[in-house]
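Under our numbering, the first residue of the sequence shown is numbered 15, with each subsequent residue one higher. The C-beta atom is built at its ideal place from N, Cα and C for all residues, glycine as well.
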Amino acid sequence: MLINILRVMITRSFMPFVFQNNNCNKQIDYDVPNLGLYVHVPFCKELCPFCPYYKIKYEASLASKYVDALIKEIYLKSSKVGKKKVITSLYFGGGSPSLIINSLGRVLDAFKEHFVIEGNIGTELHPDNVTPSLIAKLKNIGFDIVSLGIQSFNERNLSTLDRKEKSDNRQKLEMIAKKGFRAIDVDLIFGIPGQTPKDLREDMIKADEYGATQISTYPFIDFTYANNEQKPLNKREKKILLDSIVKTSEEMGFSRTSVWTFAKKDTPKYSSITRDNYLGYGPSATTLLKDNFRINTFSVTEYINTLEDNRIPTALILNFSKRARYLYWLFWSCYNLDIDKNNFFQLFNKDLDSNFWWEIKIGKLLGIIENNEDGYKLTDKGAYLFHLVEQKYTNQYIDKTWRMARKTPWPEKIVLY
């Protein structure tokens, strides 16, 4: 109900968001500023029940076909671009991208053939896959930031998540820290049944001590299609844990860089989702451009087959109204705690205050936002409220979209109210 009311109020429309089945063989409009790239590698050795992202068990032969298809997708999306587009960042997620480590150099070469990558190149890592050889290969082919999915250093909490850990997480993080990456993110989960503020404090202190430059603390969310035997803690219990996270980060000297991330000062930020525009590659990957949002098919085999037929594997497209596109930007700006007037004008050639005057006025009156030198920032109260809204948004929109996209590779339509 909360999300429905907010949607109507800020979109100024009763119309739902509608993803349509789409023929995506038309040329993609790259004429957007601040363009990033994302690659989804959908393979894991073990499938963790708490992880909502699309992935399947690793098979070498299928992974090889996937890599060939991925390079074809890079070519198809780039073939009509007259000159190389400058790229702000390139991220690999999954899944476990390191399972195709021997092909990542080939993939990077394909991107560099069509783009000028001026920003960071990052990848997610599963602790079980981290070896000295892997880290050396990542450095040699150009990766400079990494994110290690530890989730917790506490064995009891990992067991509750049914995380079949085979690694010494401290050893793996320290191994990465010695190799000179510009940023090292550690993913932690809060809201695990039985988890205490003391557990989280110890997790954060250990992450810092062992070499993390950024700590991402994501709430445990039970997706409807996940197979979680244990359910997340309730809203009140999560608030206690989040308060502990914020307090501990301040004591450690970390700055809050989003609702759920904290980083050492003067270090690069690791974030694959909060970019102004980006192109997505791989099964289930999304693409955000100036007037639409696209989702690739949630099927490795359909992804491969489609690209073998020289077609772009986009299954769904949401065409934005101008207002909806502004709101998408505002949503993720709030997630980053920073609403930048200049960034809004650069992207849309519009004045932020003119388009959101009453939302800004109400936000100030309620103590949710306050002025800063670039525009506005969320207060602590605003950050907590957005923490609640983001979880509702995930349950109402992301869960439904991903659940339906998993049922059929080519959905006809997904309607989101």
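In the DSSP assignment, the alpha helix (DSSP H) including residue i goes from what residue to what residue?
i: isoleucine 376; result: 371-379
i: glycine 119; result: 115-128
i: tyrosine 89; result: 74-92
i: tyrosine 105; result: No alpha helix (DSSP H) contains tyrosine 105, which is instead part of the beta strand (DSSP E) from 99-108.
i: isoleucine 32; result: The sequence given here has valine at residue 32, not isoleucine. First-last for valine 32: 31-35, but that is the beta strand (DSSP E), not the alpha helix (DSSP H).
i: threonine 262; result: 249-266
i: phenylalanine 345; result: 336-349
Pop quiz: residue i and residue j are said to be a contact at Cβ under 8 Å. What is the actual Cβ separation, rounded to whole angstroms?
i: aspartate 201; j: glycine 163; result: 5 Å
i: leucine 187; j: alanine 226; result: 7 Å
i: isoleucine 101; j: leucine 51; result: 6 Å
i: glycine 136; j: tyrosine 284; result: 6 Å
i: isoleucine 353; j: glycine 389; result: 5 Å
i: asparagine 241; j: proline 423; result: With a Cβ gap of about 21 Å, asparagine 241 and proline 423 do not count as contacting.
i: leucine 332; j: asparagine 306; result: 6 Å
i: proline 56; j: serine 298; result: 7 Å
Are the beta-carbon atoms belonging to residue i and residue j less than 9 Å from one another?
i: lysine 378; j: tyrosine 340; result: no
i: arginine 120; j: isoleucine 85; result: yes
i: phenylalanine 31; j: leucine 344; result: no
i: isoleucine 376; j: aspartate 367; result: no
i: phenylalanine 415; j: isoleucine 428; result: The question names phenylalanine, but residue 415 is threonine in the sequence shown. Yes, the pair counts as a contact, with Cβ atoms nearer than the cut-off.
i: leucine 122; j: leucine 104; result: yes
i: asparagine 48; j: leucine 399; result: no
i: threonine 311; j: threonine 328; result: yes
i: glycine 205; j: lysine 278; result: no
i: phenylalanine 33; j: proline 425; result: yes
i: glutamine 209; j: leucine 256; result: no
i: aspartate 199; j: isoleucine 229; result: yes
i: arginine 215; j: threonine 262; result: yes
Among all the DSSP beta bridges, which residues are the ones paired with residue i?
i: proline 233; result: Phe204
i: cysteine 58; result: Lys71
i: aspartate 354; result: Gly389
i: threonine 137; result: Phe106 and Val160
i: glycine 50; result: Tyr292
i: glutamine 165; result: Leu202
i: glutamine 228; result: Asp199 and Ala277
i: serine 269; result: Ala277
i: isoleucine 131; result: Ile101
Go to residue i, then tell me how far its beta strand (DSSP E) extends in each direction, as first and last residue.
i: asparagine 154; result: Careful: asparagine 154 lies outside any beta strand (DSSP E), inside the alpha helix (DSSP H) at 146-155.
i: threonine 275; result: 275-277
Counting only runs that start and end within the region 293-333, where is the beta strand (DSSP E) found for 3 or more residues in a row? 300-302, 306-310 and 328-333
In the region 384-429, which residue ranges form an unbroken alpha helix (DSSP H) of at least 4 residues, counting only runs that do not cross its ends? 394-407 and 413-421
Identify every run of the beta strand (DSSP E) within the region 190-220, keeping only runs that are complete inside it and at least 3 residues long; order them along the chain. The DSSP assignment places complete beta strand (DSSP E) segments of no fewer than 3 residues inside the region 190-220 at 197-204, in order along the chain.
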